[in-house]
Amino acid sequence: MSIDPMGETVWFIKVKETVYGPYNEEQMHVFTREGRLNSRSRISQDKNGPFHAAGEDNVFASLLPKTGQQNTEQTASSKACRFVVFARVGEISRPAFIEVISNFGIAIEAMPDVWLLSARASTATLRNAMSQVLRAEDSLFIADATKGSSAWFNVGQDTDKRIRQFWQESE
Numbered sequence: 024m025s026i027d028p029m030g031e032t033v034w035f036i037k038v039k040e041t042v043y044g045p046y047n048e049e050q051m052h053v054f055t056r057e058g059r060l061n062s063r064s065r066i067s068q069d070k071n072g073p074f075h076a077a078g079e080d081n082v083f084a085s086l087l088p089k090t091g092q093q094n095t096e097q098t099a100s101s102k103a104c105r106f107v108v109f110a111r112v113g114e115i116s117r118p119a120f121i122e123v124i125s126n127f128g129i130a131i132e133a134m135p136d137v138w139l140l141s142a143r144a145s146t147a148t149l150r151n152a153m154s155q156v157l158r159a160e161d162s163l164f165i166a167d168a169t170k171g172s173s174a175w176f177n178v179g180q181d182t183d184k185r186i187r188q189f190w191q192e193s194e
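Residues 24 to 194 (our numbering) are what the sequence shown spells out, left to right.
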């Protein structure tokens, strides 16, 4: 079990072969609410593992939707929303990324790295699908222009913190 300098238990999340973290319990709860952490997410309190499904963990099992149950934030809306997607994607990831974004609806690359998308999905659903085909050097930011929300992947801790503060202060 890992403890941060403040004496809090920390967690790590493994996606494919990449380990992210450390995250404190509050951050993990936020990820759960945002749909970034689900019952199948691989987590551990040690960076080197062993990793187990979050749905099997005593701390998170009660907070997570059961397998097959959809988080209401992630369910598709009945009306198409307009999204601005900033995706810094390398040559290796690009074909799969284009396929994923196109599967959600009408998508156009407005300028390099910036896509406009009309889709019946939430930012969390889009991020979760798109991040599956991205590599460690790729980054993603999605803004829902219809609902005023956003989701992101692999932008770094400082940027992550600034984005969260922006949305919290805007409410």
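From the three backbone atoms N, C-alpha and C, an ideal C-beta is built for every residue, glycine too.
Spatial neighbours of Ala-152 in its own chain (CB-CB distance under 6 Å, excluding positions within 5 residues in sequence) are listed in chain order as Val-123. The alpha helix (DSSP H) runs lying completely inside the stretch 57-81 and spanning 4 residues or more number zero. When C-alpha distances from Lys-70 are compared across Val-33, Ile-186, Gly-78, the shortest belongs to Val-33. The way I'd put it, the stretch 164-173 doesn't touch the stretch 113-129; fewer than three beta-carbon pairs between them come closer than 8 Å. Taking 4 residues as the shortest admissible run, the stretch 128-175 contains the following complete alpha helix (DSSP H) segments, listed from N- to C-terminal end: 146-154.
Residue environment analysis places Ala-84 among the exposed positions, since fewer than 16 neighbouring C-beta atoms fall within 10 angstroms of its C-beta. DSSP, reduced to helix, strand and coil, places Asn-47 within a strand of the structure shown. Membership of Val-33 in the beta strand (DSSP E) is indicated by the continuous run 32-38. With contact defined as three or more Cβ pairs closer than 8 Å, the stretch 172-191 and the stretch 130-149 are in contact. For Arg-105, the closest of Glu-132, Leu-140, Gly-44, Leu-157 by C-alpha to C-alpha distance is Leu-140. Around the C-beta of Asn-177, 16 or more other C-beta atoms lie within 10 Å, and the residue is accordingly described as buried.
DSSP places Ala-103 outside both helix and strand once states are collapsed to three, so it counts as coil.
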